[in-house]
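Peer 1: Following this message is one structure expressed as structure tokens.
In the working numbering, the protein residues as written are 8 to 181.
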């Protein structure tokens, strides 16, 4: 079942990025950038997620130009005793925990400033309670994404992948 774990991880990352792009797009549509600290932490989270994907996919699998990968790899691998492990595994496994901490900070700033009220409703707390309406909406969205991920992974696991992934990287071609 190694293929299932590998393709769930790869397709799950693709679905996660799609969800992030929707979240950022929603924030841009509703002018959430006015909440400076919340927006700044959110952009840092996006960059950290990109760095995690870079360290887990681009560098180990050689999915970028050889020159760029060589420069970044040489910078990291120059660290004595740790360099090779940093390039191959460490950051890809450590960054999700750092991302989780930044998500909590993101929620903390959101809790302090309030959201940008995307539904445009008055701030009457008795009007629509968070639970059950928003809880069920979020739960249904999560179930839909999870069902789509499992369906895609079991029917066509390499649909979101790049066919060049099955070709070994050629260091002579940039």
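We treat Cβ as the ideally placed atom computed from N, Cα and C, and that holds for glycine. Small disclaimer: the values here were computed from a predicted structure and weren't measured.
What do you get for residue 46, buried or exposed, if any count of 16 or more other CB atoms within 10 angstroms of its CB means buried?
Peer 2: To locate residue 46, count along the chain shown from 1; it is residue 39. So residue 46 ends up on the buried side.
Peer 1: Between the beta-carbon of residue 94 and the beta-carbon of residue 80, is there less than 8 Å?
Peer 2: Stepping through the chain shown from its first residue, residue 94 is reached at position 87. Stepping through the chain shown from its first residue, residue 80 is reached at position 73. Closer than 8 Å, so yes.
Peer 1: Taking Cβ to Cβ, would you say residue 32 is nearer than 8 Å to residue 40?
Peer 2: In the chain shown, counting from the first residue as 1, residue 32 sits at position 25. In the chain shown, counting from the first residue as 1, residue 40 sits at position 33. No, the Cβ-Cβ distance between residue 32 and residue 40 is not below 8 Å.
Peer 1: With a cut-off of 8 Å on the beta carbons, I'd call residue 27 and residue 53 a contact; round off their distance for me.
Peer 2: Here the question's residue 27 lines up with position 20 in the chain shown. Here the question's residue 53 lines up with position 46 in the chain shown. Confirmed, about 6 Å.
Peer 1: Would you kindly report the start and end of the unbroken alpha helix (DSSP H) that includes residue 95?
Peer 2: Indexing the chain shown from 1 puts residue 95 at position 88. Here residue 95 belongs to no alpha helix (DSSP H), and DSSP marks it neither H nor E.
Peer 1: If we ignore side chains and look at the alpha-carbon of each, how far apart do residue 84 and residue 91 end up?
Peer 2: If you number the chain shown from 1, residue 84 lands on position 77. If you number the chain shown from 1, residue 91 lands on position 84. C-alpha separation (whole angstroms): 5 Å.
Peer 1: So, with DSSP's three-state summary, where would you put residue 40?
Peer 2: Locating residue 40 in the chain shown gives position 33, where the first residue counts as 1. Residue state, collapsed to three classes: helix.
Peer 1: Sort 61, 108, 113 by Cα distance to residue 97 and report the nearest one.
Peer 2: One-based indexing of the chain shown puts residue 97 at position 90. Closest option to residue 97, Cα to Cα, is 61.
Peer 1: Measuring alpha carbon to alpha carbon, tell me which residue in 15, 113, 143, 58 is nearest residue 102.
Peer 2: In the chain shown, counting from the first residue as 1, residue 102 sits at position 95. Among 15, 113, 143, 58, the Cα nearest to that of residue 102 belongs to 58.
Peer 1: Output the distance between the C-alpha atoms of residue 147 and residue 20, rounded to the nearest integer angstrom.
Peer 2: Numbered from its first residue, the chain shown carries residue 147 at position 140. Numbered from its first residue, the chain shown carries residue 20 at position 13. Residue 147 and residue 20: Cα-Cα distance of roughly 20 Å.
Peer 1: Please check the pair residue 22 and residue 157, which I expect to be a contact at CB under 8 Å, by giving their CB distance rounded to whole angstroms.
Peer 2: Along the chain shown, one-based indexing puts residue 22 at 15. Along the chain shown, one-based indexing puts residue 157 at 150. With 8 Å as the limit, residue 22 and residue 157 do not qualify as a contact, their Cβ atoms being about 11 Å apart.
Peer 1: Which class does residue 19 belong to by DSSP, given the choice of helix, strand or coil?
Peer 2: Here residue 19 refers to the residue found at position 12 when the chain shown is read from its first residue. In the structure shown, residue 19 sits in a helix (DSSP, three-state: H, G or I).
Peer 1: Closer than 6 Å by C-beta to residue 108: which residues in its own chain qualify, once you throw out the five before and the five after it? Chain order, please.
Peer 2: As a position in the chain shown, residue 108 is number 101, starting the count at 1. Cβ neighbours of residue 108 beyond the five flanking positions: none.
Peer 1: Taking 8 Å as the threshold (C-beta atoms), are residue 63 and residue 113 in contact?
Peer 2: Walking along the chain shown from the start, residue 113 turns up at place 106. Walking along the chain shown from the start, residue 63 turns up at place 56. Not in contact: residue 113 and residue 63 (Cβ atoms no closer than 8 Å).
Peer 1: Alpha carbon to alpha carbon, how far is residue 121 from residue 38?
Peer 2: The residue labelled residue 121 in the question sits at position 114 within the chain shown. The residue labelled residue 38 in the question sits at position 31 within the chain shown. Rounded to whole angstroms, residue 121 to residue 38 spans 13 Å at the Cα level.
Peer 1: On the criterion of 16 or more Cβ atoms from any shown chain inside 10 Å, does residue 138 qualify as buried, or is it exposed?
Peer 2: Within the chain shown, the letter at position 131 stands for residue 138. Its Cβ having fewer than 16 others within 10 Å, residue 138 is exposed.
Peer 1: Would you mind working out which of 78, 17, 42 sits nearest residue 119, comparing C-alpha positions?
Peer 2: Walking along the chain shown from the start, residue 119 turns up at place 112. Minimum Cα distance to residue 119 is reached at 42.
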